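If you use the working numbering, the sequence shown corresponds to residues 31 to 164, in order. Written below as structure tokens is the structure these notes are about.
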Amino acid sequence: SADAAGAPKVRIEVRQTAGRTVVSEAFTVGRAPECDVQTSGDGTVSRLQLLVVSLPGGIVVVDGWSSGGTRVVRRSGPGKLLPASVPQRRAAFVLPHGERVILLIGLKTTVSLGPAAKDVGAVEAPASGASEFM
């Protein structure tokens, strides 16, 4: 589903939370109770780990100056680039809609953005790969 601006909602699933999912146009992820998506059990996840915003052209992932960084560790699409934002090299990155992307936050917590694993390929993804910008 898309809002008036044409940006589809993004699905996020956090492991270690009984597969809890949230579907929204924008959300924050971290340990803090104020975050839209809270993680638990991993003290290496920052209070505000990352911000995700859906735009018509893709999904923007912005690391919240976390202590451990935010890394793409797996992608379902054809893109080979695994963008990361780490303390030594901060970056935001854009991922295509319709692709399932696994992010590592902290040392052991993973979150997935995009369709459920069973639905990968059912959603038509744009031909463009991920791009990274500082």
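Beta carbons: idealized from backbone N, C-alpha and C, even for Gly. Just so we're clear, the structure is a prediction, and the values are computed from it rather than from any experiment.
Contact under 8 Å by Cβ, residue i with residue j
i	j	result
LEU137	GLY98	yes
ASP66	SER76	no
GLY215	GLY71	Since the first and last residues shown for the chain are 31 and 164, residue 215 lies out of range.
PRO179	ARG41	Here the chain comprises residues numbered 31 to 164, so residue 179 is not present and cannot be evaluated.
Residues near residue i in its chain [Cβ-Cβ closer than 8 Å; skip 5 each side]
i	result
LEU133	LEU80, VAL91, THR100, ARG101, VAL102, VAL103, THR140, VAL141, SER142 and LEU143
Cβ shell of residue i (< 6 Å), same chain only, five flanking positions each side left out
i	result
VAL83	ALA56 and VAL90
VAL150	SER106 and ARG130
CA-to-CA distance, residue j to residue i, given in whole angstroms
i	j	result
PRO108	VAL131	11 Å
LYS110	LEU125	12 Å
GLN118	GLU64	27 Å
ALA62	LEU78	7 Å
PHE123	LYS148	25 Å
VAL52	ALA121	24 Å
LEU85	GLY36	8 Å
Same chain, Cβ closer than 7 Å to residue i, five either side skipped, listed in chain order
i	result
VAL44	ARG50, VAL67, THR69 and VAL141
For residue i, the first and last residue of its enclosing beta strand (DSSP E)
i	result
SER97	Neither: SER97 is in no beta strand (DSSP E) and is coded neither H nor E.
ARG120	Where ARG120 is concerned, there is no enclosing beta strand (DSSP E), given that its DSSP letter is neither H nor E.
SER142	139 to 143
SER54	51 to 54
Inside the segment 58 to 93 only - beta strand (DSSP E) runs reaching at least 3 residues: 80 to 85 and 88 to 93
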